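Presented below is the structure to which this report refers.
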Ligand SMILES: CC(C)(COP(=O)(O)OP(=O)(O)OC[C@H]1O[C@@H](n2cnc3c(N)ncnc32)[C@H](O)[C@@H]1OP(=O)(O)O)[C@@H](O)C(=O)NCCC(=O)NCCS
């Protein structure tokens with residue numbers, strides 16, 4: 015849109031450096047505490063190691079998500095394409111205060127859990143994915159980010175929604191999450207219902223990992239586990 019200036023001006027143009035535009039497009043970041051790293055034995059004996067994703071891993075993660083988004087089964091396609099955008103949004107600084115956790119077994123990327131801090135009171139779950147099936151990796155990943163939001167960030171509320179039956183069962187049902195009135199409250203993932211935990215509800219589901227996966231998280235990581243997971247790599251094939 016253009017209008018004639020209502021007064022004489024000395025310069026007809028004001029030029030911006032893009033570095034001056036960036037602070038306006040990029041939300042100011044909160045100083046989020048780090049996820050402390052955790053491990054949990056799965057029912058089949060494999061050890062799942064959960065740590066924060068690293069920005070240098072983004073190209074490989076995107077490469078793998080390009081393949082996952084083509085899997086037209088169990089909603090891997092819609093979740094895969096949205097996770098691709100979220101990983102890129104984190105790398106390109108176009109998400110407000112995201113957190114991205116990866117689950118590794120011997121360095122192989124087998125699980126993802128991400129979310130973001132909406133306000134100091136409310137944190138949002140974005141997505142959970144498991145790239146090796148039947149191990150309940152997804153359940154451990156969802157529990158990890160819920161723990162991060164409720165125990166470490168000390169959010170008053172944790173908002174989730176579910177695109178898939180497996181996701182709804184894993185967290186909506188098994189954490190007995192109530193919903194907010196709909197359509198007054200809508201999750202940013204397509205305007206779906208908001209399922210939530212507040213601090214009293216979270217107190218009731220702290221045993222979730224033990225009940226559903228068979229063990230609790232261990233935050234003391236032995237050297238051999240850290241060493242086994244030193245080199246991040248994506249699975250050689252997509253077998254979902
Ligand atoms: C939802 C999700 C994270 C759950 O993680 P997970 O429990 O580690 O993953 P699985 O899909 O292997 O297991 C979920 C259930 O699916 C069923 N299932 C999985 N693979 C199966 C197979 N090959 N044959 C039969 N049933 C199978 C089982 O009932 C299983 O439950 P169980 O643990 O009681 O055996 C995972 O299914 C996933 O990544 N789905 C696609 C993305 C998605 O929907 N994310 C959630 C967004 S709301």
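Numbering (the numbering used here), first residue to last: 15 to 254. Built from N, CA and C at the ideal position, the CB exists for glycine as well. Here the structure is a predicted model, which is why all the values come from computation and not from measurement.
| task | Give a single yes or no on whether residue 229 has its beta carbon closer than 7 angstroms to a heavy atom of ligand 1. | result | On the chain shown, residue 229 is found 215 positions in, with the first residue counted as 1. Residue 229: no, Cβ never under 7 angstroms from ligand 1.
| query | What are the boundary residues of the beta strand (DSSP E) that includes residue 127? | reply | For the purposes of this step, residue 127 is identified with residue 113 of the chain shown, where counting begins at 1. In the DSSP assignment, residue 127 falls within the beta strand (DSSP E) that extends over 122 to 131.
| query | For the beta strand (DSSP E) that residue 265 lies in, which residues bound it at each end? | reply | Here the chain covers residues 15 to 254 and nothing more, so residue 265 does not appear.
| said: Rounding to the nearest angstrom, what Cα-Cα distance links residue 43 and residue 107 in this structure? | reply: Here residue 43 refers to the residue found at position 29 when the chain shown is read from its first residue. Here residue 107 refers to the residue found at position 93 when the chain shown is read from its first residue. C-alpha separation (whole angstroms): 10 angstroms.
| field | Neighbourhood of ligand 1 [Cβ distance below 6 angstroms to any heavy atom], ordered by chain position | value | Chain-ordered, the residues whose CB falls short of 6 angstroms from any heavy atom of ligand 1 come out as 88, 89, 90, 93, 141, 142, 143, 144, 147, 148, 149, 150, 151, 152, 153, 176, 177, 178, 180, 181 and 184.
| said: On the criterion of 16 or more Cβ atoms from any shown chain inside 10 Å, does residue 128 qualify as buried, or is it exposed? | reply: As a working mapping, residue 128 is identified with position 114 in the chain shown. So residue 128 counts as buried.
| request: Measure the alpha-carbon distance for residue 96 versus residue 18 and round it to whole angstroms. | output: Translated into the one-based positions of the chain shown, residue 96 becomes position 82. Translated into the one-based positions of the chain shown, residue 18 becomes position 4. Rounded to whole angstroms, residue 96 to residue 18 spans 44 angstroms at the Cα level.
| query | Quick one: what's got a C-beta closer than 6 angstroms to residue 56's C-beta in the same chain, skipping five residues either side? | reply | Walking along the chain shown from the start, residue 56 turns up at place 42. Closer than 6 angstroms at Cβ, skipping near neighbours: 62 and 149.
| Is it a yes or a no for the segment 114 to 128 touching the segment 87 to 102, going by three-plus beta-carbon pairs under 8 angstroms? | Per the Cβ contact rule, the segment 114 to 128 is in contact with the segment 87 to 102 (3 or more Cβ pairs under 8 angstroms).
| query | Thinking just about the alpha-carbon of each residue, which of 41, 236 and 180 is nearest to the one in residue 142? | reply | For this step, residue 142 is matched to residue 128 along the chain shown. Of 41, 236 and 180, the smallest CA-CA separation from residue 142 is found for 180.
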